[in-house]
Structures are given as C-alpha cells and as structure tokens.
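Asks:
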Amino acid sequence: MADRHSRSADVNTGGPGVTSSHARPVGATASTGVLDGRSGGDAPVPPDFRHNGGALGGGGSLPRRKGFGAENAFRGLTLAAGTMVLVIIVAITVFLIARAVPALQANEANFLTTKEWYATQTPPQFGIAALVWGTVVTAVIALLVAVPIALGIALCLSHYAHKRIATILGFLIDLLAAVPSVVYGLWGVMVFINPVKDFSVWLNKYFSWLPFFSGEAPYGRSLLLGGLVLAIMVLPIVTSLSREVFMQTPTANEEAALALGATKWEMIRTAVIPYGRPGVIASVMLGLGRALGETIALAMTLGFLNVISLDVISNGGNSIAANIANGFGEANEIGRGALIASGLVLFTITLIVNMIARAIIYRRREFTESAA
Amino acid sequence: MSTTTLPAPGQSPTLHTKRLPAVAFLGIAVVALGVSAAICYGAGIGGWVLTLVLGLILYMVGVYFAVRAVEGARSARNRTWSALIHSAFVLAVLPLASVTWTLISKGMERFDGDFFNASMNNIGARDPNGGAYHAIIGTLEQVGIAAAITIPLGVLGAIYIVEYGRGRFTFLIRFFVDVMTGIPSIVAGLFVLAFWVLIVSPWFNDGAPAFSGFAAALALSVLMLPTIVRSTEEMLRLVPAPLREGSYALGVPKWKTILKIVIPTALPGIVTGIMLSIARAAGETAPVLLVAGGSAAINFNPFTGQQGSLSLFVFQQAGDASRFAPARAWTGALTLVALVLILTIAAKLLARRNRIPR
Amino acid sequence: MAKRVEATGVTAYYGSFKAIDNINLSVEPKTVTALIGPSGCGKSTFLRSINRMHEVLPGARVEGKLTIDSENIYDKDVDVTAVRRMIGMVFQRPNPFPTMSIFDNVVAGLKLNGVRRKSVLEDAAEKALRSANLWDEVKDRLGKPGAGLSGGQQQRLCIARTIAVEPQVVLMDEPCSALDPISTLAIEDLMFKLKDRYTIIIVTHNMQQAARVSDRTAFFSIERTGDPGRLIEYDSTQKIFSNPGQKKTEDYITGRFG
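Residue numbers (this note's numbering), protein chains in the order written: chain L, 5 to 376; chain R, 26 to 383; chain V, 5 to 262.
(1) Taking C-beta pairs closer than 9 angstroms, name the residues in chain R that Ser185 (chain L) reaches, listed in chain order.
(2) Find the residues of chain R that neighbour Glu75 (chain L), judging by a C-beta separation of less than 7 angstroms, and give them in chain order.
(3) Taking a cut of 9 angstroms between CB atoms, which residues from the stretch 93-105 of chain V lie near chain L?
(4) Determine which residues of the stretch 274-294 of chain L have a Cβ less than 8 angstroms from any Cβ of chain V, and write them out in chain order.
(5) Let me know if Ser318 (chain L) comes out buried or exposed under the rule of 16 or more other beta-carbons within 10 Å of its beta-carbon.
(6) What is the residue span of the beta strand (DSSP E) that Ser187 (chain V) lies within?
(7) Give, in chain order, every residue of the stretch 296-320 of chain L whose Cβ lies closer than 8 angstroms to some Cβ of chain R.
(8) Could you check whether the Cβ of Val15 (chain L) sits closer than 8 angstroms to any Cβ belonging to chain R?
(9) For Lys47 (chain V), count the other beta carbons within 10 Å of its own beta carbon; 16 or more makes it buried, fewer makes it exposed. Which is it?
(10) Report back the beta-carbon spacing between Gly283 (chain L) and Ser246 (chain L) to the nearest angstrom; my notes put them in contact at under 8 angstroms.
(11) In the stretch 196-208 of chain R, which residues sit with their C-beta less than 8 angstroms from some C-beta in chain L, listed in chain order?
(12) Measuring CA to CA, which of V:Ile91, V:Glu10 and V:Phe21 is closest to Ala64 (chain V)?
(13) Distance, Cα to Cα, Ile177 (chain L) vs Phe338 (chain R)?
(14) Short of 9 angstroms Cβ to Cβ, which residues in the stretch 42-65 of chain V face chain R?
(15) Give the single residue among L:Met304, L:Ile364, L:Val141 and L:Gly297 whose Cα lies nearest to the Cα of Gly189 (chain L).
(16) Let me see if you follow: with CB-CB separation under 8 angstroms, is Ala260 (chain L) close to chain A or not?
(17) So which of V:Ile40, V:Ser135, V:Asn55 and V:Met104 has the shortest CA-CA distance to Ala190 (chain V)?
(18) Following the continuous beta strand (DSSP E) through Ala64 (chain V), name the residue where it begins and the one where it ends.
(19) Using DSSP's beta-bridge definition, name the partner residues of Gln332 (chain R).
(20) Please determine, among R:Trp280, R:Val55, R:Phe196 and R:Gly156, the residue with the shortest C-alpha to C-alpha distance to Thr87 (chain L).
(21) Between the Cα of Ile220 (chain R) and the Cα atoms of L:Tyr279, L:Trp206, L:Trp213 and L:Ala102, which residue gives the shortest distance?
(22) Give the straight-line distance between the Cα atoms of Gly297 (chain L) and Ser334 (chain R), rounded to the nearest whole angstrom.
(23) Within 10 Å of its beta-carbon, does Ala361 (chain L) have 16 or more other beta-carbons around it, so buried, or fewer, so exposed?
(24) Checking contacts by CB at 8 angstroms: is Gly113 (chain V) closer than that to chain L?
(25) According to DSSP, simplified to helix, strand and coil, what is Leu245 (chain L)?
(26) For Tyr256 (chain V), collect the residues of the same chain with a Cβ closer than 8 angstroms to its Cβ; drop the 5 residues on either side in sequence, then sort them by chain order.
(27) Can you tell me whether Asn76 (chain V) is helix, strand or coil according to DSSP?
(28) Quick one, are the C-beta atoms of Gly265 (chain L) and Arg88 (chain V) less than 8 angstroms apart?
(29) Tell me where the beta strand (DSSP E) around Leu29 (chain V) begins and ends.
(30) Skipping 5 residues on each side, what residues in its chain have a beta carbon closer than 8 angstroms to that of His163 (chain L)?
(31) Is Arg52 (chain V) helix, strand or coil by DSSP?
(32) Cα separation between Thr258 (chain V) and Ile244 (chain V)?
(33) Is there at least one Cβ from chain R nearer than 8 angstroms to Gly331 (chain L)'s Cβ?
(34) Taking beta-carbon pairs under 8 angstroms, can you tell me which members of the stretch 160-176 of chain V lie near chain L?
(35) By alpha-carbon positions, which one of R:Leu366, R:Ala171 and R:Ile186 ends up nearest to Met8 (chain R)?
(36) Are any of the Cβ atoms in chain L nearer than 8 angstroms to that of Arg89 (chain V)?
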C-alpha cells in the first residue's frame, strides 16, 4: 500500500506542482495561494508589456481578480472538509479526557497498576494493568503466528503460483479481509475452541515446563484462543497488502537480479523484499493496530479474568476493548467514565503504533522515491 | 557457504550441474512422514496432526540436505524456501476454509422466510423462531446515514489534499488521515458516546442520554472518513496532469476543472473506495453496541429510540443462553457476510472494469 | 575470459506467437557485435535468449541450440543461474536496485555468489567501477543510494554491476536509448575498453552507434507484423554499412524502410 502510494505521489509531484503554476491567478485570500498565483501569473509576462499596466495590445484590459468567487468558496469548502480530520482527532482526545477525568478522580486504586476492575462498586476501584497485558499478549500471539504465514502466502501469490490461480486466490484473500470481526468471533467461540482445547492439553502435557503452558485446566477461552482468532483475522490484511507491494516490484529490478545469476529465492531477497519492505512494515503495523483495537472477536473468545500471568492456555484473559464491550451494559456513570478512561489508553497506544508506522514509511519513502 | 564460488581466472567453469530427480523428493516426503509417524505414535506424543506437522518439518530438513549434497547450497536454500512458502499457503487455507464451511453449513439452518420477516421482540429462550428483520433495518439505516455524512466530507477533503493543499498543514492532514485509519472501532464508539450520547443528545431528550441509530451512524462515519479520504486521494492522484493542464489552458477555472474533469475521470475508483468503506462499516459491531443500545423490536426511526444492527444481533445471539440462539447467530453471520461480500465484490469488479491507465 | 557464442536454429516463442525463427549466427570472442533492425524484428528477443532471460516471461520458450564455447546452454541439465553468471546483461533502462547503495549495487552479484569478505568485495567494487569509467565520479559516495545518480551514471553503474561477477559475454539491450548524447558517448567509449576482455553483443536502434562501436553487425527484419523475425544479413560492420549484400539491408541502412 505504502509503495503504491509512494508511486502515485511521484506521479503527483508533476501534478499540483505543474498545475499550480498554470493556474490562473484568481484572487486568493490564503497567503500561499497569493504567492503561488503571483509567481505563476506574472513571471511569464515579457517586460515590454509591464509598463502598459494591464492594457495589452488587444485594447481591453485583462479582467482583474475578483476578491471573492466560486474558486474561493470551493477551496474553502474543501479546506473545511480536510480540516475535519484534525478536528475529529482533537475532539476524540478532548471528549475522552473530559469524560475520563471524573471517573479517574473517583478511583480509589491506582489506575495504571491495579489489575482488578470494580468500577461500579462504591468506592470504585479499577486499573488497566491486566487489561493492557491481555491486549498486548493477544496481539503479540496474533502477529507471531500471522506475519510469517502471511508473508509466505503473499510471496506465493506474487511470485510462485500460476498467474491465473494467484489472481483468483488474491481476490479471495481480499474478500476474507472484508469479513466482519463478529463472524470470526462467532467461529472462534463455537468451532475453533475445540481444537484449541485439545492443543492446550497437549501443550500442557509436554511443555508445562515453559511458563506459557503451565496453566491448569479448564482450557479453551484463553489468551491463546483469542490470539489465534486474531491471527486469522490479521492474516488476510497483512497478506493482501504485502502481496500488493511484492507485485509492484519493478520487473527491471527482478530481471537485473536474475541476469546476475540469482536463483528465484535470491532474486526475491535482492529485488522483491527490499523494495517491498516499507509496505510490509506498514501492513504489519496496520495488522498490529487492528489486533490491539479488536473488540468483538476478543469479547467473544476471552474468558474474562483480570490476571497477569505468562500462562496463555488457561481460561481467562481480558483486553481493554473486550472489557469495554462486555462491561458497558452494567456500567453506571462512574463505570462508563472508567471504561472511557481505558479507551483513552487504547487510543493512545494505537495512536503511537500508527504514528511510528507512518513515520517509518515516510522516511523509507524518501530513500526509494529518488529511485523512480 | 560457497560451494559455487566464482570461477578462478583462466579456469573454465561448466554450466552443467547434477540435478536431484523428482522421485527423490517423493522419497524424502515418504521417509519424513514415516519417521514422523513412528516418533508420534511410537512415543505416544500425538495424533495425526502432529505427525503431519513434524513430517513437514522433517521433509524440509531432508530436502535441504539432499539438495545441498547434489546441487549445492544455493539451490538448497532456493528449494527449501520454496517449500516453506508453499506450505505457509496450505497452512493458512485450513482455518479459512473452516470459517467458510461452518458459516455456510450452520448458517443455512435458519436461512428461512421467518428470519427475514420477524424481529426478536417477545422471543423467549424457548422459542425456536425469531429473526433479524429489525437488525437488518438498523444496519441499512445506520450505514446509509453514515455514508451520506462521510462521502461529501471525505471526497472534498481528498480534493483539498490533492488539488489545493501544500506545505506543512496538508502534510499534517495526510499524516493524521493515515493515523486515523488505525483508530479502533471501540474508540470511535466511545467518542460518540462521550460527545453525542452523553453531552449533546440530552438537549433534545429532556436531559436523558439518548441511544439511537443516528449515534451509531456518527460512530461509523468516524471510521469511514479516513478510508474514503485515502482512497479518493489515491484515485485523484492517478488522474494524469495533462488532463488538468488541457483544461486550464482553455481558461477553465480550477474548481470547475476539478468538478468537470478530474472527478469524473477518477469516479469509478472513488466509488470503489466508498463501497469498500461502506462494507467495512456494515460489519462493525463495537460502536453500535455502545451507542445504539440494541433493541429487540423493529424501530424504523434512527433518530429516536434504540436500534439494533445485524452485527450486533450476531454478537447478542452468540452470547445468548437459549439453545436456539446459536442457529440464529450463524444465520445472522451468513447474512452479514453475504451483504458485505456482495458490496465488496461489486466494488472490486467495478474497479477492475474501469482502471485508469497509468 | 571472452567466449564464442554460436546460435544454431534458434527459434523463440511467446506462448503460441513465434517471435524469431531459425537464427544461425556465430559471434567471435572479444568483439562487439551489433544487432540492428526495425522495431519488433526480434533482435531483443534473440539477445534475451542468449542468457536464457527470454524464458523468464510467462509462456516464453526457446528452441534450437545456443553454444558458449561448444557447451549448449539449452541442454537439459544446465544450471540457468550459471548461464546468467557467465553471460551478463545490461538493460534498456538503467535498473540499479533502488534500495541499495552504490557499493551494494556493484557487489550484489558477488554477494549472491557467497563472497562475504569485506576486503574482497571492496577490491572487486573498485575494479568494476574503474572498468565502467565510474570510479572517479562515485568514489566519495559509495554509501549513497544508486538511484541518486544521473541516468548515464546509473547505466554505467549497471555495467559495473554486470562485469563485477566477471562474465564471459556481456549483452546490452539498447543501453543508450534512455540516455542523453553525452552519456551515450561515455557508454560507447566504455564498450571499446571492455572489448579487450569480453565478448559484447549489443542491440541498438541507432545505426550510427552500430557503425561506431561494432566489429560485426547482424541485420534482423520481419516480412510484416505478426511474422517471426529473421536474420537477414550478418557481416563485418564495414561491409554492412558500405556495401550490404542484401537489398533489404541496404533499404534499411539508407532509411528507405523501417
């Protein structure tokens, strides 16, 4: 995705840049517009005509700029729409904070280190430690499982499979990315839970010496189930985006590698993967964002015990988003505020993840952009 | 590392290599499976699943060393990676096929007229019937309102970014559009809860917070906006610059050029992006859960009274204790997937037919 | 270092379309051979079939025999990667790896071959860049992206990358068609220099270029669109340009056709 974008940005560097200098210098109130308009409008006029003061050979003077016109109105409209995005981001932050503060003031426990969530009690005591733990653990399991497989499929579809089969399968993967999370949650809690139970028993039998698999039965509605369901949900997203960037590798670069005597895998390693890396990072980060913020699938598959333990197979586990979805029904005024406070934490985490991802992509782009 | 190094100067390298015959790979596969079965069943540590997994690992190790011995290290790496990549593919197909299969087989059970004509009003735990009519109405209305809000906003915002914006401010907008794409849906729900339901709506509702379908639509708008801006932006950038310049050269003002030339050229792509974002919004559960309330009865009015939605219906039925609830949940899921996929497929076909040549 | 290339009955297809038909041609070591002809006459296809790059495209295949010092590269048990290592290729548009530095671009082929020693790589890179007449221009910025160079420099970088693996034969597919006249001149100079060590086969649209750089010239042509390309005449460059044996060649050279 990012790479498609970086290319289209290339196309565009010709776009607005050129168009702005061709644009008729219709009056603009915004300072940048005035500057651009002037440089675009005045520069080409030969000095001979300057002293004419607008009266050109034709006799009539050129129409003056209007102070306000359709151009400005339209421009203002688009500006307002564009600014909406910033307004919404700010509004989300402001309103969440406004609602969270009263609940946090009423909280009798430490919000960051407390594991329990008793927000509707008097006095309310709640903290997000266990929730953050569950959120991070499920997301980590999801990415550990999904990313290698997704990259494998993406390469398979872009460079190994027969072209027609790859097109059809790629289309199917795109469709799977569109399947709503509630469907995956339903499947997880009704179908997938059984093999995961068996798997947990097996893991506990042979690997109980690892802290992850030391938990006692009952198994099933665990962080492992949640994480695996997330993995299946994240898989199509990561696959679809990475496949797209892998396919965009310039043929010239692939041929260059092959002409140096590279095997297929070596060609992929020298030409395809480096070219697609920013896109792959972006897709993984987007997958991470999705996994961290996923609500319904986890609300349906986790066992709701607010504990922090390395064990991933026993019933239990909770995540910020799942806790909001499940706890919202019986929440009172303070309870809602408390959930909003936890949502604010989630918002911050995902915001940071996304901003890091974007920063990486933007920086990488400068390097590859000079290529084209 | 270097079984095939560069030829020493003067020495003539040969182009011919030995190749491992195809039969050898079959042999390795059989041996790997056999050894794996012997280990798993012999030591009693697992069943057929483990046998297959272990067999696959053994196969790859076997291939690596066999090819390495005959064809060299580079070829061995090449073939092992190829095997790995293909097996990743097979591994992923299994759960995804299971999702599809259960969805269809279990979903067909209640895929009847009753399901699409009845609501869940007055349906008790012992009633096998009941349907999702109310939920389907909720989904359609909420998504429709959300689309009506977001499409103009998103398209205009994208026009600003591509056609007018430059400098830091535009960069800021673009950056936050990207960031906003990653906002969890539950956060969008909480935002509308905090802003609309708890603060604004009491003014119209005698001081009590009003949960409504419109609130859900607002939350969905927050989720749809960045995707629409993003996809529209990309489509606008694909419009060739000479097209714009041709119009400017005729003295057509910029705003008219955008509306008459640029937008029509990019329209199919823009529509595709919009349809995909609608499909995504239709599947969202969390925001609806928070701000629409979720009613079991039919409510056509999105502005007053609680409303359900199809995805929320699935969630509620999945958590319901009634033994008839799972069947309803599956049929609801099947309906939801059908709705979303029809939109998605239509969007993709549209995109395929009207691709702008680069 | 240089080797003789001999094509016997080489026929190449794209799917069911026959692109070149029955090409017979022998290229002497340490010479520059130019392939000329109108667009679509199959000269690039023939060039790409010399190092088995033709078959990279889906559905493309080659029939016939193509020997490098009497070893047929289309034999069944031939290692394609070894063929391509022996017969390097420079493409129409400069195609340095966009994510790699200048240095990494030059040594990319060596690294593929398992060379890891820093000192070896550095020596090889300097040698290749010097051979490509690029060393003086880039020696201070070897760590910078190769894509930051000018078009002509990029093309010489690609030549350096190709000769860094010490091939026997260098194929060039219209290497100057995307370059300005000064860069073109630099590449032509380079070809003279490389001729001492490599067999060079170049496809070009530019007849002056063919006349300037090549020892021998092969003229390809097609009857009409849809027909396979054929080798019409192959002789010393001087003869082809001063006194061609075929009417078609003369028409093409004098600009009456194509």
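Every residue gets a Cβ at the ideal spot worked out from N, C-alpha and C, and that includes glycine.
Given the structure is predicted, the values throughout are model-derived calculations rather than measurements.
Replies: Answer, in terms of the structure:
(1) Ser210, Gly308, Glu309, Thr310, Ala311 and Ser336
(2) Pro278, Lys279 and Trp280
(3) Met93, Val94, Phe95, Gln96, Arg97, Pro98, Asn99, Pro100, Phe101, Pro102, Thr103 and Met104
(4) Thr274, Ala275, Pro278, Tyr279 and Arg281
(5) Buried is the call here.
(6) Ser187 (chain V) -> not in any beta strand (DSSP E); alpha helix (DSSP H) instead, spanning Pro185 to Leu198.
(7) Listed in sequence order: Leu296, Gly297, Glu298, Thr299, Ile300, Ala303 and Met304.
(8) For Val15 (chain L), the predicted model reports a pLDDT of 38, less than 50, meaning its position is unreliable; a value from the coordinates is still stated below. Closer than 8 angstroms: yes.
(9) Burial call: buried.
(10) 7 angstroms
(11) Leu197, Ile198, Phe200, Phe201, Val202, Asp203, Val204, Met205, Thr206, Gly207 and Ile208
(12) V:Phe21
(13) 26 angstroms
(14) none
(15) L:Met304
(16) Here the protein chains are L, R and V, and chain A is not one of them.
(17) Out of V:Ile40, V:Ser135, V:Asn55 and V:Met104, V:Ser135 has the C-alpha closest to the C-alpha of Ala190 (chain V).
(18) Ala64 to Ile72
(19) R:Gly318
(20) R:Phe196
(21) Note on identity: in this sequence residue 220 (chain R) is Phe, with Ile being the wrong assignment. The residue with the shortest Cα to Cα distance from Phe220 (chain R) is L:Ala102.
(22) 21 angstroms
(23) By the neighbour-count criterion, in which a residue is buried when 16 or more other Cβ atoms sit within 10 angstroms of its Cβ, Ala361 (chain L) is buried.
(24) Taking 8 angstroms as the threshold, the shortest C-beta distance from Gly113 (chain V) to chain L falls below it.
(25) helix
(26) Ile40, Gly41, Pro42, Phe223, Ser225 and Gly262
(27) If DSSP states are grouped into helix, strand and coil, Asn76 (chain V) belongs with the strands.
(28) yes
(29) Run containing Leu29 (chain V): Phe21 to Val31, per the beta strand (DSSP E) assignment.
(30) The beta carbon of His163 (chain L) is closer than 8 angstroms to those of Phe250, Lys268, Ile272 and Val276 in its chain, skipping five residues each way along the sequence.
(31) The three-state secondary structure of Arg52 (chain V), taken from DSSP, is helix.
(32) 11 angstroms
(33) no
(34) The stretch 160-176 of chain V vs chain L, Cβ under 8 angstroms: Cys162, Arg165, Thr166 and Val169.
(35) As displayed, chain R neither begins before 26 nor continues past 383, which places residue 8 (chain R) out of reach and without an answer.
(36) yes
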